[in-house]
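Numbered according to this note's numbering, the sequence shown spans residues 29 to 161. Okay, structure first, notes after.
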Amino acid sequence: MRILITGAKGQLGRALVQALPNHDLYPVGAQEMDITQPPSVARVFGEFKPDVVVHAAAWTDTAGCEADPERAMRVNQDGTRHVAEACATCDAAMLYVSTNRIERAIPRPRLTPMPGRNSLESGPFKRFWNTTG
């Protein structure tokens with residue numbers, strides 16, 4: 029199984045790489061793949077052709093996110109969407125890891141269903157956003 033780990037230079041990403049030593053891993057940080065740029069994401073996915081993606085890349089500086097909500101949205105929402113779309117294109121499973129905190133300074137993301145996939149606006153996601161948003 030080919031496992032792509034985004035955010036591999038961060039705390040969680042480094043721990044995942046250490047925890048999975050006997051797997052076919054492709055750990056990438058921001059230098060190898062800029063999740064805010066679809067061509068960068070497509071290039072990495074095309075090179076590695078993952079079966080599974082653990083998406084741990086994010087801008088985690090809470091104060092920075094509050095001070096620059098546009099950047100926070102580009103990285104944490106749009107970047108995650110680019111990774112999810114690339115997963116759908118190559119039929120890779122995606123495990124998305126996120127914080128338990130939602131910043132009020134950042135608008136609630138609009139969850140868009142992907143063609144051929146279940147809608148994120150149903151089931152547990154809808155209940156989550158209704159209780160936190």
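Glycine included, each C-beta is placed from N, C-alpha and C at the ideal position. Nothing here was measured: the structure is a model prediction, and the numbers come from that model.
What's the C-alpha gap between residue i and residue j?
i: Tyr124; j: Ala91; result: 22 angstroms
i: Leu32; j: Asn50; result: 14 angstroms
i: Gln59; j: Phe76; result: 16 angstroms
i: Gly57; j: Ala95; result: 23 angstroms
Taking DSSP as the reference, what is the three-state secondary structure of residue i?
i: Leu32; result: strand
i: Leu48; result: coil
i: Ala43; result: helix
i: Lys37; result: coil
Would you say residue i and residue j are within 9 angstroms of each other, going by their C-beta atoms?
i: Pro55; j: Gly41; result: yes
i: Thr64; j: His83; result: no
Is it buried or exposed, residue i, if we count other Cβ atoms within 10 angstroms and call 16 or more buried?
i: Pro78; result: buried
i: Asp89; result: exposed
i: Thr117; result: exposed
At which residues does the beta strand (DSSP E) containing residue i begin and terminate?
i: Ala121; result: Ala121 to Tyr124
i: Val82; result: Val80 to His83
State the start and end residues of the unbroken alpha helix (DSSP H) segment that holds residue i.
i: Ala112; result: Gly107 to Cys118
i: Thr90; result: Thr90 to Ala95
i: Arg71; result: Pro66 to Phe76
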